[in-house]
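**Student:** In our numbering, the protein residues as written are 23 to 180.
Even glycine gets a Cβ: it sits at the ideal position worked out from N, Cα and C.
The structure presented is a predicted model; accordingly, all values stated were derived computationally and were not measured.
One structure, pasted below without further comment.
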Amino acid sequence: MRVGIWERNEGICAAVRAGMGTAAAQLYCGSHPAEFAAAPLDLLCVSPGSSGWAGAGAVHCRTVLLPGTAGPLARALRCAQTVSYGTSPRDSLTFSSLEGGHISLALQRELVTLDGTVLEQQELILPFPQGGAPLPVLAAAGTLLLMGVPPQHLMAVL
Numbered sequence: 023m024r025v026g027i028w029e030r031n032e033g034i035c036a037a038v039r040a041g042m043g044t045a046a047a048q049l050y051c052g053s054h055p056a057e058f059a060a061a062p063l064d065l066l067c068v069s070p071g072s073s074g075w076a077g078a079g080a081v082h083c084r085t086v087l088l089p090g091t092a093g094p095l096a097r098a099l100r101c102a103q104t105v106s107y108g109t110s111p112r113d114s115l116t117f118s119s120l121e122g123g124h125i126s127l128a129l130q131r132e133l134v135t136l137d138g139t140v141l142e143q144q145e146l147i148l149p150f151p152q153g154g155a156p157l158p159v160l161a162a163a164g165t166l167l168l169m170g171v172p173p174q175h176l177m178a179v180l
C-alpha cells in the first residue's frame, strides 16, 4: 500500500507513522503534488494547509482524503474515490465536540477502507492536545481509518 501525505508541517505524517503499527504501507510525505507524481498512490491525504495545487493533475491515486473546502482540488486529481473531512455536515469525517482535552470525531457516513472493509457511522472520542488544531487530527485519523487501522486503535495513538 502506497500512502502520500501532502502537508505543510502540520504533524499529520508523524501521527500517521506513529499510528500505522504493523500496517504494510509505504508512507511518502511531501509539501507539493509533484512529490507524489512519480508512481500511483493507494491513498493521498491532503492537509488543510496544503498549497501549490498546480501540478495536482499529475497525481494518480485510488482514494483522496481532503478538506471539504478543497472541492476544486478533487476535480484536478485523478482519483477514483474522494473522502472529505472538515466542519460541514457534508464532510464524511467531522467532529461533533471539542472540550476537556478530547475531540469527538464523527464518521457521518459509511467509509470503505483501502482493503474493502466497510466502517459504519460512529463517533470516536480521542485525546486532543490543548491549543491544537482539529483539522490535522481529522486528517490523520481519516488516513489511518482508510488504511484499515481499527477505530479503537486510534484512541491509543492520536
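When you compare only the Cα positions, how much space is there between T9 and L65?
**Tutor:** Missing from the structure shown is residue 9; the chain here goes from 23 to 180 and no further.
**Student:** Express the C-alpha separation of G123 and Q48 in angstroms, rounding to a whole number.
**Tutor:** So the two alpha carbons sit approximately 31 Å from each other.
**Student:** For G41, which of helix, strand or coil comes out of DSSP?
**Tutor:** Reduced to three states, the DSSP call for G41 is helix.
**Student:** Alpha carbons only, please: which of P149, G153 and R131 is nearest the one belonging to L141?
**Tutor:** Cα-wise, what sits closest to L141 is R131.
**Student:** Is it right to say D137 is buried, meaning 16 or more other beta carbons lie within 10 angstroms of its own, or is it exposed?
**Tutor:** Its Cβ having fewer than 16 others within 10 Å, D137 is exposed.
**Student:** Taking L127 as the reference, give the member of P89, R30, L160 and R97 with the closest Cα.
**Tutor:** Comparing Cα positions, the closest option is L160.
**Student:** Buried or exposed: which applies to E32, given that a residue is buried once 16 or more other Cβ atoms fall within 10 Å of its Cβ?
**Tutor:** By the 10 Å Cβ count, E32 comes out buried.
**Student:** For L95, which residues of its own chain have a beta-carbon under 7 Å away from its beta-carbon, when the five flanking residues on both sides are left out?
**Tutor:** The residues are V68, W75, A78 and L88.
**Student:** On a Cα-Cα basis, can you pick out the residue from V38, G43 and Y50 that is closest to R24?
**Tutor:** It is Y50.
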